[in-house]
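*Asks:*
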Amino acid sequence: VQKCWSFPDTCLGVLGELWIQGNAHQSIHPENQELVRVLREQLQTEQGTPAAARQQFYTDMYCPICLHQASFPVETNCGHLFCGACIIAYWRYGSWLGAISCPICRQTVTLLLTVFGEDDQSQDVLRLHQDINDYNRRFSGQPRSIMERIMDLPTLLRHAFREMFSVGGLFWMFRIRIILCLMGAFFYLISPLDFVPEALFGILGFLDDFFVIFLLLIYISIMYREVITQRLTR
Numbered sequence: 001v002q003k004c005w006s007f008p009d010t011c012l013g014v015l016g017e018l019w020i021q022g023n024a025h026q027s028i029h030p031e032n033q034e035l036v037r038v039l040r041e042q043l044q045t046e047q048g049t050p051a052a053a054r055q056q057f058y059t060d061m062y063c064p065i066c067l068h069q070a071s072f073p074v075e076t077n078c079g080h081l082f083c084g085a086c087i088i089a090y091w092r093y094g095s096w097l098g099a100i101s102c103p104i105c106r107q108t109v110t111l112l113l114t115v116f117g118e119d120d121q122s123q124d125v126l127r128l129h130q131d132i133n134d135y136n137r138r139f140s141g142q143p144r145s146i147m148e149r150i151m152d153l154p155t156l157l158r159h160a161f162r163e164m165f166s167v168g169g170l171f172w173m174f175r176i177r178i179i180l181c182l183m184g185a186f187f188y189l190i191s192p193l194d195f196v197p198e199a200l201f202g203i204l205g206f207l208d209d210f211f212v213i214f215l216l217l218i219y220i221s222i223m224y225r226e227v228i229t230q231r232l233t234r
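Numbered as in UniProt numbering, the sequence shown ends at 234 without a single skipped number.
1) Quick one: what's P73 bridged to in DSSP?
2) Within 10 angstroms of the Cβ of P143, are there 16 or more other Cβ atoms? Answer buried if so, exposed if not.
3) In three-state terms, what does DSSP make of T229?
4) Let me know the secondary structure DSSP gives S221 once reduced to three states.
5) In its own chain, which residues sit with a C-beta less than 8 Å from the C-beta of A52, not counting the 5 before and 5 after it?
6) From E163 to R149, what does the alpha carbon distance come to, in whole angstroms?
7) Nearest by alpha-carbon distance to L113: which of G79, G141 and S166 is it?
8) Examine the Cβ distances between the stretch 122-142 and the stretch 154-161 and report whether three or more of them are shorter than 8 Å.
9) With a 10 Å radius around its C-beta and 16 neighbouring C-beta atoms as the bar for buried, classify Q230 as buried or exposed.
10) DSSP beta-bridge partners for T110?
11) Helix, strand or coil: which one does DSSP assign to S191?
12) Distance check for L39 and A89, CA to CA, integer angstroms please.
13) Rounded to whole angstroms, what's the CA-CA distance from R54 to S71? Just pull it up for me.
14) Just to confirm the assignment, what range does the alpha helix (DSSP H) spanning I146 have?
15) Can we count D208 as close to the ligand ATP, meaning its CB is less than 7 Å from some heavy atom?
16) By how many angstroms is the C-alpha of Y93 removed from the C-alpha of C4?
17) Do you know how far the Cα of S101 is from the Cα of E34?
Spelled out as C-alpha cells, the structure:
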C-alpha cells in the first residue's frame, strides 16, 4: 500500500514545486529575471537551509527571489513582500550605490518596512535590522514625484494605521496629528459649506470632498515617511 501512495505523492510534490517556481518566475519583471536567477543560485549555495527549518510567515506567500515561504519578511514601499535577507542580498548584488528597482514592478524602492516582530533578538535578525536601517537611511529621503507618492499610498497608510493602534508604535505627537487631520476632514464632510455644493452640482459636488480626503491621505503618508526617517537619525 505504501508503494501505491508513494508515486502519486511524489508526482504531486513535483507538480507543486513546478507550480510555485512558475508563479514566482512570472511575478519577477522580465528585466530582472536573469539577476534574480543568479542571486537565487548564490543564496541556495550560501544558505543551504531547508524551507522547513526557516522562520516562516504568511504561509500563502512565497518570496519570489528564493522561492520559499517569506522568512523575516520585508515589504517595499510599492507593496511587494520578500525575505529580508533576499531583498538585502538583491541590493548588494545589483546596485549597492543606488536604490534598487523592485524585482516585480521596477518601481524605485526607497523604503523597506519590516513585517515581522522584534521578539527574536538573534544575531542574524539584529544584522538584518541594521541592513534595513542602513538602506532606509540612504534612500528614504529621496525626492518623490506626486505619482510615486500616490503609488506608495496603500502600503504606507496600512503600516501607519497599524502602528497607530499598536502598543509602542507611533509616538503620541504623530498620533495626535493624524487624529486632528481625520477630525478636520470629518467636519468638512458634514459641513454644509462646500467649494462645490452638492445641491447645485449633484454628484459632481462630491468631487471636492474626495479631493480633500485624497490630500489628507497623501499628507499622512508623507508624515509617516518622515517619522521613519527620524527614527533612523536617533
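Note that beta-carbon positions come from the ideal geometry of N, C-alpha and C, so glycine has one too.
*Replies:* Judging by the given coordinates:
1) The residue given as residue 73 occupies position 73 in the sequence shown. Paired residues: C83.
2) What you label residue 143 is simply residue 143 of the sequence shown in a count that begins at 1. Its Cβ having fewer than 16 others within 10 Å, P143 is exposed.
3) On the sequence shown, position 229 is the one that residue 229 refers to. Helix.
4) Start at 1 with the first residue of the sequence shown, and residue 221 comes out as number 221. Correct three-state label for S221: helix.
5) One-based indexing of the sequence shown puts residue 52 at position 52. At A52 the pLDDT is 38, less than 50, meaning the model places this residue with poor confidence; the figure from the coordinates comes in the next sentence. Answer for A52: no residue qualifies.
6) On the sequence shown, position 163 is the one that residue 163 refers to. On the sequence shown, position 149 is the one that residue 149 refers to. Taking the straight line from one Cα to the other gives about 20 Å.
7) By one-based count along the sequence shown, residue 113 stands at place 113. Per the Cα distances, G79.
8) no
9) What you label residue 230 is simply residue 230 of the sequence shown in a count that begins at 1. With fewer than 16 other Cβ atoms within 10 Å, it is exposed.
10) As a working mapping, residue 110 is identified with position 110 in the sequence shown. None; T110 has no bridge partner.
11) Taking the sequence shown and counting its residues from 1, one reaches residue 191 at position 191. It is coil, neither helix nor strand.
12) As a working note, residue 89 is residue 89 in the sequence shown. As a working note, residue 39 is residue 39 in the sequence shown. Spanning the two alpha carbons is a distance of roughly 8 Å.
13) Translated into positions along the sequence shown, residue 54 becomes position 54. Translated into positions along the sequence shown, residue 71 becomes position 71. Unreliable positioning characterises R54 in this predicted model, as indicated by a pLDDT of 43, which lies under 50. The coordinate reading is nonetheless provided below. So the alpha carbons of these two residues sit roughly 7 Å apart.
14) Looking up residue 146 in the sequence shown gives position 146. Here the alpha helix (DSSP H) through I146 covers I146 to M164.
15) Absence of the ligand ATP from the depicted structure is noted, as is the absence of any ligand whatsoever, leaving it without description.
16) On the sequence shown, position 4 is the one that residue 4 refers to. On the sequence shown, position 93 is the one that residue 93 refers to. Annotation note: pLDDT 44 at C4 (below 50); position unreliable, coordinate value reported separately. Cα to Cα, C4 sits roughly 46 Å from Y93.
17) Position 34 of the sequence shown holds residue 34. Position 101 of the sequence shown holds residue 101. Using only the alpha carbons, I get a separation of about 14 Å.
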